[in-house]
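K.L.:
Quick one: the structure is below, questions incoming.
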Ligand code: PEP
Ligand code: MN
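Numbering (UniProt numbering), first residue to last: 1 to 338.
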């Protein structure tokens, strides 16, 4: 962290300030006294220093971080990729392509079981399905809630696929005890109380990027979970808000290599919510694989026209077969070429 002091900063203020920083944080302070202003260089772990507090001191001209404010999610402190291993042996982040597929919402037993069997046959290793749905309108289908979780368990029993489903409130945590991967949706990426509770448990969390969140904000949210002791975070790029209206969101494809560079956590892409359009899922999924994603999360419905949510972006099982073949082939080719 670099702090530039105003010319009128007195020696007493300088000494008091630097002693305070050294006392309160695990940092060394290098001081360069110039003719016009004095510059402080803080060396060490500056992640806990509140930059706004520094900027608020009336003898401070400017302050700049040179080190990222996240530590546990930071590749600098953890150079090796994090590989998430589920109790059933499924891995995410080990170099293979992990695919989570299933409907936006769990609707009926027939629906979830049929889709689960089809996505498994196509090679998906995880079943997705929403039981608690964050909908823009309070009048839209809100999900089957606890009954939806029960249907997911049923589909898991029939197929052996681990289940991925969204939590919207920490109060629901007891219902999620046997969920394999807990999803935090885009709308809750900065629900810090929820993130703190998820830091206390020991199971993988799929953290989706907020609709208008920066890459750094996504990593800071991962940091919240990891600061609580839960290291099993999977990051998900699912498109962000831009001025473009053709697509539901804009897939920020550069976020994939950037996240992989900044963090050791696995990164997956959701081409369904990124586009909102079924025919765009395949090209975006291919782009994600080419950009180095560790996996994909794709919405599949046995009858998209009748889906209770996100039908327009849902693939039929036949379409998913085709997409799965293409992305697995692409991943194999790209990854053997190194
Ligand atoms: C979903 O996965 O169905 C969902 C609501 O996703 P997001 O939070 O990315 O909008
Ligand atoms: Mn959806």
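C-beta: ideal position from N, C-alpha, C; glycine also.
I need the residues with a C-beta less than 5 Å from some heavy atom of ligand 2; please give them in chain order.
P.N.:
Listed along the chain, these residues meet the criterion: 104, 310.
K.L.:
For ligand 1, is there any heavy atom lying closer than 8 Å to the beta carbon of residue 225?
P.N.:
Checking the Cβ of residue 225 against ligand 1 gives no.
K.L.:
Using the beta-carbon count (16 or more within 10 Å), is residue 11 buried or exposed?
P.N.:
Under this definition residue 11 is an exposed residue.
K.L.:
Relative to the alpha-carbon of residue 71, which residue among 273, 237, 308, 224 has its alpha-carbon at the smallest distance?
P.N.:
That would be 224, whose Cα lies nearest to the Cα of residue 71.
K.L.:
What residue from 165, 191, 113, 62 has the CA that sits closest to residue 52's CA?
P.N.:
When only C-alpha atoms are compared, the closest one is 62.
K.L.:
Would you kindly report the start and end of the unbroken alpha helix (DSSP H) that includes residue 225?
P.N.:
Segment 215-227, the alpha helix (DSSP H) holding residue 225.
K.L.:
Would the beta-carbon of residue 326 be found less than 8 Å away from any heavy atom of ligand 1?
P.N.:
Residue 326: no, Cβ never under 8 Å from ligand 1.
K.L.:
Around the Cβ of residue 264, are there at least 16 other Cβ atoms within 10 angstroms (buried) or fewer (exposed)?
P.N.:
Burial call: buried.
K.L.:
Please determine if the segment 77-85 and the segment 155-162 are in contact, where contact requires at least 3 C-beta pairs separated by less than 8 Å.
P.N.:
Touching, no, given that fewer than three Cβ pairs across the two stretches are closer than 8 Å.
K.L.:
If we require 4 or more residues per run, which alpha helix (DSSP H) segments fall completely within the UniProt domain "DAHP synthase ferredoxin-like" (1-68)?
P.N.:
Fully enclosed alpha helix (DSSP H) runs of 4 or longer: 11-24, 51-55.
K.L.:
Counting Cβ pairs closer than 8 Å, one from the segment 250-269 and one from the segment 313-331, do we hit at least three?
P.N.:
No, because fewer than three Cβ pairs between the segment 250-269 and the segment 313-331 fall closer than 8 Å, the two stretches do not touch.
K.L.:
Any chance you could list the alpha helix (DSSP H) runs of at least 4 consecutive residues sitting entirely within the segment 233-265, in chain order?
P.N.:
Correct list: 255-262.
K.L.:
Rounded to whole angstroms, what is the Cα-Cα separation between residue 169 and residue 188?
P.N.:
If I take the Cα positions, the gap works out to 9 Å.
K.L.:
Can you give, in chain order, each stretch of the beta strand (DSSP E) that sits fully within the segment 58-124 and has at least 3 residues?
P.N.:
Correct list: 60-64, 98-102.
K.L.:
Are the beta-carbon atoms of residue 100 and residue 164 separated by less than 9 Å?
P.N.:
Yes; because the gap between Cβ atoms is below 9 Å, this pair is in contact.
K.L.:
What first and last residue would you give for the alpha helix (DSSP H) that runs through residue 192?
P.N.:
From DSSP, the alpha helix (DSSP H) with residue 192 extends over 192-200.
K.L.:
Tell me, to the nearest whole angstrom, how far the beta carbon of residue 291 is from that of residue 256; I am working on the premise that it is less than 8 Å.
P.N.:
Indeed, because the Cβ distance is near 4 Å, the residues count as touching under 8 Å.
K.L.:
What is the C-beta distance between residue 103 and residue 299, in whole angstroms, given that I count them as a contact (C-beta under 8 Å)?
P.N.:
That pair is a contact at about 6 Å.
K.L.:
Work out the CA separation of residue 153 and residue 133 for me, nearest whole Å.
P.N.:
Straight-line Cα distance between these residues: approximately 17 Å.
K.L.:
Between residue 25 and residue 2, is the Cβ-Cβ spacing less than 9 Å?
P.N.:
Not closer than 9 Å, so no.
K.L.:
Please classify residue 110 as buried or exposed, where buried requires at least 16 neighbouring CB atoms within 10 angstroms.
P.N.:
Exposed.
K.L.:
Which stretch, first to last residue, makes up the alpha helix (DSSP H) that contains residue 284?
P.N.:
That run of the alpha helix (DSSP H) goes 278-290.
K.L.:
Please state whether the Cβ-Cβ distance between residue 308 and residue 268 is less than 9 Å.
P.N.:
Result no, Cβ atoms of residue 308 and residue 268 do not sit closer than 9 Å.
K.L.:
Report the partner residues of residue 128 according to the DSSP bridge assignment.
P.N.:
Looking at the DSSP assignment, residue 128 forms a beta bridge with 164.
K.L.:
Leaving out the 5 sequence neighbours to the left and right, which residues in its chain are closer than 7 Å to residue 250 when beta-carbon positions are compared?
P.N.:
Counting only Cβ-Cβ distances below 7 Å, and skipping sequence neighbours, we find 239, 240, 242, 244.
K.L.:
For residue 88, does the count of other Cβ atoms within 10 angstroms reach 16, so buried, or fall short, so exposed?
P.N.:
Under this definition residue 88 is an exposed residue.
K.L.:
Using beta-carbon positions only, say whether residue 184 and residue 167 come within less than 9 Å of one another.
P.N.:
Going by C-beta atoms, residue 184 is nearer than 9 Å to residue 167.
K.L.:
Could you check the C-alpha separation between residue 276 and residue 190 for me, to the nearest Å?
P.N.:
Rounded to the nearest angstrom, the two C-alpha atoms are 23 Å apart.
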